[in-house]
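Colleague: Mapping of the first sequence onto my numbering: position 184 corresponds to residue 282, and the numbering continues sequentially without gaps.
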Amino acid sequence: MKFSNFFIPTLKEVPSDVKMKSHNLMIRSGMIRQETTGIYSWLPLGYRVLSKIITVIEEIHKKNGVNQILMPTIQSADIWKESDRYETYGKEMLRINDRNNKDLLYGPTNEEMITTIGRQYIKSYKNLPRKFFHIQSKFRDEIRPRFGVMRAREFLMKDAYSFDINEENGEKTYLEFFMLYLKIFEKLNIPVIPVRAPSGEIGGNLSHEFHLIVESGESEIYINDKILDLNFNKFTLQEILKLESYTDDFYTKNNFEKKLKKYRSIELGHIFLFGTKYSRSFNFHVDSDNGKIQPFMGSYGIGVSRIPAAFIEYSNDENGIKWSKSLSPFSIQLINLLSEDEETKLFCDKNYEKLIKNGFDVIYDDRLERPGKKFSDADLIGTPIQIICGNAYKKEKKISVVKRSDKNEITIDALELMPELNKIISKI
RNA sequence: CGGGGAGUAGCGCAGCCUGGUAGCGCAUCUGUUUUGGGAACAGAGGGUCGCAGGUUCAAAUCCUGUCUCCCCGACCA
99 MKFSNFFIPT LKEVPSDVKM KSHNLMIRSG MIRQETTGIY SWLPLGYRVL
149 SKIITVIEEI HKKNGVNQIL MPTIQSADIW KESDRYETYG KEMLRINDRN
199 NKDLLYGPTN EEMITTIGRQ YIKSYKNLPR KFFHIQSKFR DEIRPRFGVM
249 RAREFLMKDA YSFDINEENG EKTYLEFFML YLKIFEKLNI PVIPVRAPSG
299 EIGGNLSHEF HLIVESGESE IYINDKILDL NFNKFTLQEI LKLESYTDDF
349 YTKNNFEKKL KKYRSIELGH IFLFGTKYSR SFNFHVDSDN GKIQPFMGSY
399 GIGVSRIPAA FIEYSNDENG IKWSKSLSPF SIQLINLLSE DEETKLFCDK
449 NYEKLIKNGF DVIYDDRLER PGKKFSDADL IGTPIQIICG NAYKKEKKIS
499 VVKRSDKNEI TIDALELMPE LNKIISKI
């Protein structure tokens, strides 16, 4: 992608009351734009980050037998009346009427809808288990939206739902999702901690949240530091339930003897096993050799549009964002400091093509801007590798490769670019 | 919902107390010189001061109403 052909409205200044770093940097780097309280447009740069996240989530879900679907954002109030949540959900639900005055709502979640889908088609225990997911906008009319997309009213969420034949199988599925979540966050280079949570609004009895520890986080978790070093991959559900890591709610309610360390964090994922709550209220049952059974259900959420903000909160410096390889909107930023010099331009143009052919996701700063502007934009946008081409190239065919994370700069012979790059990329 | 603030050029802000030609920085446009860390100089364009009403010879400024946005607390991915 040529910078000259890519819309990145970077800003020097942002209103003084934008206090959270990630919010500030997302606005300054031109990732998002606020439309109204708690509602944002994702501009090209921001949307690229979202896309990277979505791709990882989709791949891992599909690989694990979770079927992707897309349910509508607007739902009929009827199904919510059936579960009784039309009354109990409260003011967070945005209620709408159509021209016939039918009660509709912008879905805050989809348990009701997925249950009616299951109810219609799944008639036999032989059709279970079933797992579905979708990535879709949700609307929750938060009391106080804040911190940009961190606590928005409209937000993008991955929500998955499972149907099992009984509790035992439901727990297996729950464990599968637990592991699947760890894989997703690992692939995204986000070091989340699983913490035990009360199940709250949705009901049921088994629930975990996945938190990223950052000082500016809105949540509080209590953990035994030992779990920071654990590899959970082979854990059984029993072992997971013994982990000393809890949301503040869970920790307070249970009044544990052992005092644990408190951390501030951001919640990025939440999984529930809530059982037959909805299959019961929707009268959803399947036939078995033992008569009718109510499917045992779970739901599994990831706050997709919160992830970029959370990661920026976790990884930034005074100059801007420091993206990881997996989240960065681009893998390499090629910067030509001498856009008007024929020879240098030719070299950059050629290598831009070459990098693309080699599978790199390149943003090529070919603008007629001054070096300072190009450097500061590059640092702000936060591409992990910067290739800088300027006077050193013109004079002695040397270029620099800068690692954004620590600003470590090496100068290499221009012809050595590809091999050097492969070395550096493998290390970040 | 309670408490506190703010709406003035594309962005960030001053001016308001004490009414009298609407300002500054950045950005934009033109020209010249620059070019490895947000360039310098010279010039130019850009505003119904959130909206509505009122007071006044005169309102960005005072009064009333209204809308929007932000910040601090209790809910949530």
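Built from N, CA and C at the ideal position, the CB exists for glycine as well. Keep in mind it's a predicted model, so treat the numbers as computed, not measured.
#1: Tell me the residue span of the alpha helix (DSSP H) that contains E157.
#2: Under the DSSP definition of a beta bridge, which residues are partnered with T134?
#3: Three or more C-beta pairs closer than 8 Å, one from the stretch 406 to 417 and one from the stretch 447 to 466: is that the case here?
#4: Within a Cβ cutoff of 6 Å, which residues of the same chain sit near F428, ignoring the five residues on either side of it in sequence?
#5: Once the 5 residues before and after T116 are set aside, which same chain residues still bring their CB inside 6 Å of it?
#6: Which runs of the alpha helix (DSSP H), 4 residues or longer, sit entirely within the stretch 406 to 455?
#7: Would you call the stretch 340 to 352 and the stretch 384 to 394 in contact, with 3 or more CB pairs under 8 Å?
#8: Less than 7 Å between the C-beta atoms of Y398 and A258, yes or no?
#9: Could you tell me the alpha carbon to alpha carbon distance between F276 and I369, rounded to whole angstroms?
#10: Just verifying my parser: in three-state terms, what is the DSSP assignment at D464?
#11: Take L384 as the anchor and find which of T213, I177, A295 and I433 has the nearest alpha-carbon.
#12: Quick one: what does DSSP say G301 is sitting in, helix, strand or coil?
#13: Closer than 8 Å is the cut-off here; do at least three beta carbon pairs connect the stretch 173 to 192 with the stretch 136 to 152?
#14: Would the beta-carbon of F237 fall within 7 Å of that of R249?
#15: Determine the contact status of H159 and F231, defining contact as a CB-CB distance below 7 Å.
#16: Between G188 and P206, what straight-line distance do the alpha-carbon atoms span, to the nearest angstrom?
#17: With a threshold of 8 Å on Cβ separation, who are the neighbours of T135 within its own chain once the five nearest residues in sequence on each side are excluded?
#18: Please return the same chain residues whose Cβ sits closer than 8 Å to the Cβ of V312, not counting the five positions on each side in sequence.
#19: Exposed or buried, Q336, counting other C-beta atoms within 10 Å across all chains shown (16 or more means buried)?
#20: Please report the distance separating the alpha-carbon of F354 from that of R294.
#21: Report back the beta-carbon spacing between I485 and L432 to the nearest angstrom; my notes put them in contact at under 8 Å.
#22: Check whether the stretch 311 to 327 touches the stretch 282 to 291, taking contact to mean three or more Cβ pairs, one atom from each stretch, closer than 8 Å.
#23: Beta-carbon separation of L310 and L273 under 7 Å?
#24: Considering Cα atoms alone, identify which of Y450, K356, N489 and I177 is closest to K100.
#25: Looking at C-alpha atoms only, which residue of I419, E318 and D439 is the closest neighbour of D504?
#26: State the Cα-Cα distance for the pair Y491 and L148, rounded to the nearest angstrom.
#27: Within 10 angstroms of its Cβ, does F348 collect 16 or more other Cβ (buried), or is it exposed?
#28: Taking only the alpha-carbon atoms, compute the straight-line gap between I300 and N264 and give it to the nearest angstrom.
#29: With R242 as the anchor, note down where its beta strand (DSSP E) starts and where it stops.
#30: Please list the terminal residues of the continuous beta strand (DSSP E) segment that includes E365.
#31: Identify whether Q392 lies in helix, strand or coil by the three-state DSSP scheme.
#32: At the level of alpha carbons, what is the spacing between E416 and N331?
#33: Taking all protein chains shown into account, decide if R197 is buried (16 or more other Cβ within 10 angstroms of its Cβ) or exposed.
#34: In chain order, what residues of the same chain lie with their CB nearer than 6 Å to the CB of T509, ignoring the 5 residues before and after it?
#35: Whole angstroms is fine: what's the gap from I106's alpha carbon to F473's?
Modeller: On the basis of the data shown:
#1: P142 to K161
#2: I137
#3: no
#4: D459, I461 and T481
#5: Looking at the sequence provided, one finds Val at residue 116 rather than Thr. Here the set comprises N122.
#6: Unbroken alpha helix (DSSP H) runs of no fewer than 4 residues, entirely contained in the stretch 406 to 455, are found at 440 to 455, following chain order.
#7: Counting Cβ pairs under 8 Å, fewer than three are found: no touch.
#8: yes
#9: Taking the straight line from one Cα to the other gives about 7 Å.
#10: In the three-state reduction of the DSSP assignment, D464 falls in the coil class.
#11: Here residue 384 turns out to be Val, not Leu, going by the sequence shown. Minimum Cα-Cα distance from V384 among the listed residues T213, I177, A295 and I433 corresponds to T213.
#12: Because the pLDDT at G301 is just 48, under 50, the model does not fix this residue reliably, and the value given afterwards should be weighed accordingly. Coil at G301, not helix or strand.
#13: The stretch 173 to 192 makes no contact with the stretch 136 to 152: fewer than 3 CB pairs, one atom from each, lie closer than 8 Å.
#14: no
#15: yes
#16: Rounded to the nearest whole angstrom, the C-alpha separation of G188 and P206 is 11 Å.
#17: P243 and R251
#18: R362, S363, I364, A408, E411 and Y412
#19: exposed
#20: Their Cα atoms are separated by approximately 13 Å.
#21: About 5 Å separates the two Cβ atoms, so the contact holds.
#22: yes
#23: no
#24: Y450
#25: I419
#26: 35 Å
#27: buried
#28: With a pLDDT of 49 at I300, under the threshold of 50, the modelled position of this residue cannot be trusted, and the question is left open.
#29: Segment: none, R242 is in no beta strand (DSSP E) and carries neither H nor E.
#30: K359 to G373
#31: coil
#32: 36 Å
#33: The residue in question, R197, is exposed, as its Cβ has fewer than 16 Cβ neighbours within 10 Å.
#34: K496 and S498
#35: 14 Å
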